[in-house]
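Encoded as structure tokens, the structure appears first; notes follow it.
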Amino acid sequence: MAEFTYKDVPSFAEARAISKFAQELFLKGEADAVDIMYSKYVSTLVQQPTTIPFLPVGKISAVTAGVGAKAEELKVADKTDLFEFEPDEKTVLSALLPHSLNFQVHQILLEAKASEHSARMVAMKNATDNAKQLIKDLTLEYNKLRQSNITKELLEITTAQMAVG
Numbered sequence: 066m067a068e069f070t071y072k073d074v075p076s077f078a079e080a081r082a083i084s085k086f087a088q089e090l091f092l093k094g095e096a097d098a099v100d101i102m103y104s105k106y107v108s109t110l111v112q113q114p115t116t117i118p119f120l121p122v123g124k125i126s127a128v129t130a131g132v133g134a135k136a137e138e139l140k141v142a143d144k145t146d147l148f149e150f151e152p153d154e155k156t157v158l159s160a161l162l163p164h165s166l167n168f169q170v171h172q173i174l175l176e177a178k179a180s181e182h183s184a185r186m187v188a189m190k191n192a193t194d195n196a197k198q199l200i201k202d203l204t205l206e207y208n209k210l211r212q213s214n215i216t217k218e219l220l221e222i223t224t225a226q227m228a229v230g
């Protein structure tokens, strides 16, 4: 339905545009649900394909702090305290929820970009290591052929010397 491009370092404005498009689709009823698929950064060697539900927003049970494998889950209090909102809850939630969704998309873009850079870095390291090994193998092969030719020439010289003398 749409295509979005973003810079090497995704900006918050680019994330906001993507989030706004998804929210509008959902609110107009053109989409029943919006899921986001991205490459989650776990570690330098591990990027995990992940799908998360984006809309509708479900029950918020816990908050995740940190990135990747070092993330810690902050437990939501078991005790249910009542809070009063000024203005009312609906107004506060309708103002904060779009910002929360925008930040979620921005975090996803950053994780996907980190995964891409990590995978590229590992691939380039492997290519460099393979090229070094190939150079080493070819140098060894070249030196063996060169030594073989030198030995062959010495044998020819020695054979010619014995025939003459």
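The opening residue of the sequence shown carries number 66 in the working numbering; numbering runs sequentially from there. Ideal placement from N, C-alpha and C gives every residue a C-beta, glycine not left out.
Inset, instruction - Measuring alpha carbon to alpha carbon, tell me which of PRO163, THR109, MET102 ends up nearest THR116. - result: The candidate whose alpha carbon is nearest that of THR116 is MET102.
Inset, instruction - Please look up how many angstroms separate the CB atoms of LYS105 and GLU181, rounded, as I've assumed it's under 8 angstroms. - result: Contact annotation, LYS105 with GLU181: C-beta distance approximately 12 angstroms; criterion of less than 8 angstroms not satisfied.
Legend entry - Alpha carbon of ALA96 to alpha carbon of LEU90, nearest angstrom: Looking at the two C-alpha atoms, the distance is approximately 6 angstroms.
Legend entry - For PRO118: DSSP bridge partner residues: DSSP, once it has assigned bridges, lists ASP100 as partnering PRO118.
Inset, instruction - Give the C-beta separation of ALA87 and PHE119 to the nearest angstrom, bearing in mind that I take them to be a contact with Cβ-Cβ under 8 angstroms. - result: Their Cβ separation, rounded to whole angstroms, is 6 angstroms, which keeps ALA87 and PHE119 in contact under 8 angstroms.
Inset, instruction - Name the residue from LYS190, LEU174, ASP146, PRO152 whose alpha carbon lies nearest to the alpha carbon of ASP73. - result: Of the candidates LYS190, LEU174, ASP146, PRO152, LEU174 places its Cα closest to the Cα of ASP73.
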